[in-house]
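To convert, note that position 433 of the sequence shown is 473 in this note's numbering; the numbers rise steadily by one, no gaps.
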Amino acid sequence: MRSLVDLSEQVPLLLATTKLRLSNLHLDDLYDFFNVQLFTTIALGFVAYRIGLVIYRLYFHPLAHFPGPKLAAATTLYRAYWQVWQDGEHVAQFTRLHDQYGPVVRVTPHTVHFRNPQAFEDIFKFNSKLTKAEDFYDHLGQGDALFGLIDEAAHKQRFKPAADLFSRKKAMEFESFIVKESERFSNLLMSRIARDPRPVNIARAYRAVALDVIQDFTFDFVPHHLRGLQDDSFHSIYTHTTWDVMDWTAYCFRNWPLALTFSNQLPQWLRRYMFPGEAANIESFDTIQQLVKDNKAVGPNWSRDSLLSRMADKTTIEQLTSECQGTMFGGVINMANMLPYGAFCVSQDPALQESLFRELEAIWPDPNTPAPSFDELSQLPILKGVIQESLRLMHGIIVGPPRLTPAQGAVIDGYPVPGNTIVGTSSLYVHTNPAVFPDPEKFNPSRWNNPTPEMERSVVPFSKGKRMCPGKQISIMELFIVQAYTFRKFHLVPYNTTFEDFKWKVYVSLHFKGRFFRAHMTPRPGVKMGAL
């Protein structure tokens, strides 16, 4: 009791002392005092908000009942870790999560991921009500291109002038350009072998021919210094750009969109330094933009049909540049995976390589004449099996891409999914379904000798539905024709390359972790080098 009385007696003294101290404060001191208080309040408020948000996401969010790691449900940092810090390993991690949690897993606060092949059908079927997930396309910098347009009506309007370019009829007209580039490809290989007997970087050569084929499709003309097949070194700077642009940078932008906004405000030299993938992207965009301007300057006196000639009057220079850049990368990255992988699988199996050569020799007895037509090549069972297995095991756009459910929700693989939910899956699960493809990881062209309708439906590297890759027909023609030139004219022996080199990480498409495929290449009897 006495202590309380003593304390009460000291209160006036304490108040007087406090008043005296406050009277001695300068204005700057008060400013600092309130700044600290404001900062503390904001910080505590932010922490409280984040704690509340995590509690909501874990227990009250519409996706709270879906299984998966708690960290993934709480924050997108889980996905960011596997995409950025683990450098494109998220598809492998999501597969491990399916092993642990089952066919549907919550992989971010707003995303559920499916494993069963039926989910791929439900998400990408032609009459699907699901739309493209905006955050996925924003980070690729393709918002101005057909690939990135979210609105169906806007996409239809933009695509209309060029739509029939992707028809089978127009694709067959384009066949002569694929043959022309394949001839140059094989002649440069002959030149390289005659000049230098060391192993050839065939992966780089395939990337170069893929670049030139898609450039022929996209532009009216392309200067020689921007070609992939410039000389027999296959060492084009622009060819390398299509490899360098694929790195973790895009994932950084996807998980932290403000980083993209910040990057766009920086001087180009600083962007190149801070974001390695951006250096290649900037160089590519600038080069293509100049090429677009040079091509557009000759219009309307176009020498032939091309993507640019069809769209030049309908879009701005910036939109055209994005369109051409997206088309060119799309036309290179998958071909540059499928061609070397298929060639390696054939070349490391001597019996298969000899059988393929004999099959091609029978239909193409004089290798110094142009190749048989695509229609003829596509009927060859061994070659067809090689192409189908290359398509199946390289997966195309392996990440999906993700879709957004309508406001009323959707049923995917039998699971009711709330509205405005991002849903994803992977072509990997369709292509490696053991119920359709026994021993699914094995490259086995003979499985296509008598394919079932389900097998044919289950090769989906170009996705499915209204927004699937429109270049499917041209890409398949390219695979058949380029591989026909390779194995009719050359015998390949892999050099310092194994299946380990074809293990992959994911940057939208596959990106090999190992060494580039190199091979000792020997011309087949009777093959002569044509004009370069």
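The beta carbon of each residue, even a glycine, is placed where N, CA and C say it ideally should be. These numbers were taken from a predicted model, which means no experiment stands behind them.
**Report entry** Beta-bridge pairing of arginine 443 - partner residues as DSSP gives them
**Finding:** Translated into the one-based positions of the sequence shown, residue 443 becomes position 403. Looking at the DSSP assignment, arginine 443 forms a beta bridge with Lys172 and Val463.
Report task. Measure the C-alpha to C-alpha separation of aspartate 260 and valine 457 and round it to an integer number of angstroms. Result -> As a working note, residue 260 is residue 220 in the sequence shown. As a working note, residue 457 is residue 417 in the sequence shown. So the alpha carbons of these two residues sit roughly 46 Å apart.
Query raised in the report: Does the stretch 107 to 127 come close enough to the stretch 437 to 444 to have 3 or more Cβ pairs within less than 8 Å?
Result: no
Query raised in the report: Using a Cβ-Cβ cut-off of 6 Å (strictly less than) and excluding sequence neighbours within five positions of tyrosine 535, which residues of its own chain qualify?
Result: Here residue 535 is taken as the residue at index 495 of the sequence shown, counted from 1. The residues are Pro239, Arg558, Ala559 and His560.
Report task. Keeping to the same chain, check which residues put their C-beta closer than 7 Å to that of arginine 235; ignore five residues upstream and five downstream. Result -> Within the sequence shown, residue 235 is the residue found at index 195, counting from 1. The answer, listed in chain order, is Asp272.
**Report entry** Within 8 Å, strictly: CB atoms of tyrosine 455 and valine 144
**Finding:** As a first step, residue 455 is located in the sequence shown; it is residue number 415 there, counting from the start. As a first step, residue 144 is located in the sequence shown; it is residue number 104 there, counting from the start. Result yes, Cβ atoms of tyrosine 455 and valine 144 sit closer than 8 Å.
Query raised in the report: Curious, which full-length alpha helix (DSSP H) runs of at least 4 residues does the stretch 201 to 284 contain?
Result: 208 to 235, 242 to 258 and 277 to 284
Requested in this report: Inspect the beta-carbon positions of leucine 379 and valine 386 and report whether they are closer than 8 Å.
Outcome: To locate residue 379, count along the sequence shown from 1; it is residue 339. To locate residue 386, count along the sequence shown from 1; it is residue 346. Taking 8 Å as the Cβ cut-off, leucine 379 and valine 386 do not qualify as a contacting pair.
Query raised in the report: Would a check of beta-carbon distances place alanine 447 closer than 8 Å to chain C?
Result: As a matter of chain content, chain C is missing from the structure shown, which is built from one protein chain.
Report task. Give the DSSP-derived three-state secondary structure of methionine 517 in the structure shown. Result -> If you number the sequence shown from 1, residue 517 lands on position 477. DSSP places methionine 517 in helix when its eight states are reduced to three.
Report task. Can you give me the Cβ contacts of lysine 172 inside the same chain, cut-off strictly under 6 Å, excluding the 5 residues immediately before and after it? Result -> If you number the sequence shown from 1, residue 172 lands on position 132. Cβ neighbours of lysine 172 beyond the five flanking positions: Ile190.
Query raised in the report: Secondary structure at valine 567, three-state DSSP: helix, strand or coil?
Result: Indexing the sequence shown from 1 puts residue 567 at position 527. It is coil, neither helix nor strand.
Requested in this report: Assign isoleucine 82 to buried or exposed, taking buried as 16 or more other Cβ atoms, counted over all protein chains shown, within 10 Å of its Cβ.
Outcome: Position 42 of the sequence shown, counting from 1, holds the residue named residue 82. Isoleucine 82 should be labelled exposed.
**Report entry** Exposed unless 16 or more other CB atoms sit within 10 angstroms - verdict on valine 426
**Finding:** The sequence position of residue 426 within the sequence shown is 386, counting from 1. So valine 426 ends up on the buried side.
Query raised in the report: Exposed or buried, what is tryptophan 125 when buried is set at 16 or more other beta-carbons lying within 10 Å of its beta-carbon?
Result: Position 85 of the sequence shown, counted from the start, is the residue given in the question as residue 125. Burial call: exposed.
Query - Sufficient close CB pairs (3 or more, under 8 Å) joining the stretch 396 to 411 to the stretch 274 to 284 - result: no
Query - Reference lysine 543; option with closest CA among Ile516, Leu103, Val131 and Lys165 - result: Stepping through the sequence shown from its first residue, residue 543 is reached at position 503. Measuring from the Cα of lysine 543, the nearest candidate turns out to be Val131.
**Report entry** Residue range of the alpha helix (DSSP H) that includes leucine 347
**Finding:** For the purposes of this step, residue 347 is taken as the residue at position 307 of the sequence shown. Segment 347 to 351, the alpha helix (DSSP H) holding leucine 347.
**Report entry** Alpha carbon of valine 463 to alpha carbon of glutamate 223, nearest angstrom
**Finding:** Locating residue 463 in the sequence shown gives position 423, where the first residue counts as 1. Locating residue 223 in the sequence shown gives position 183, where the first residue counts as 1. Their Cα atoms are separated by approximately 44 Å.
Report task. Report the residue ranges of all alpha helix (DSSP H) runs contained in full by the stretch 469 to 536; include only those spanning at least 4 residues, in chain order. Result -> 493 to 497 and 512 to 529
Query raised in the report: In chain order, what residues of the same chain have a beta carbon less than 7 Å from the beta carbon of serine 418, not counting five sequence neighbours either side?
Result: Position 378 of the sequence shown, counted from the first residue, corresponds to residue 418. These residues qualify, in order along the chain: Lys424 and Phe520.
**Report entry** Distance between threonine 281 and glutamine 255 (C-alpha atoms, nearest Å)
**Finding:** Your numbering for residue 255 matches position 215 in the sequence shown. Your numbering for residue 281 matches position 241 in the sequence shown. Roughly 14 Å between the two C-alpha positions.
Requested in this report: Report yes or no: do three or more beta-carbon pairs, one from the stretch 163 to 178 and one from the stretch 485 to 492, lie closer than 8 Å?
Outcome: no
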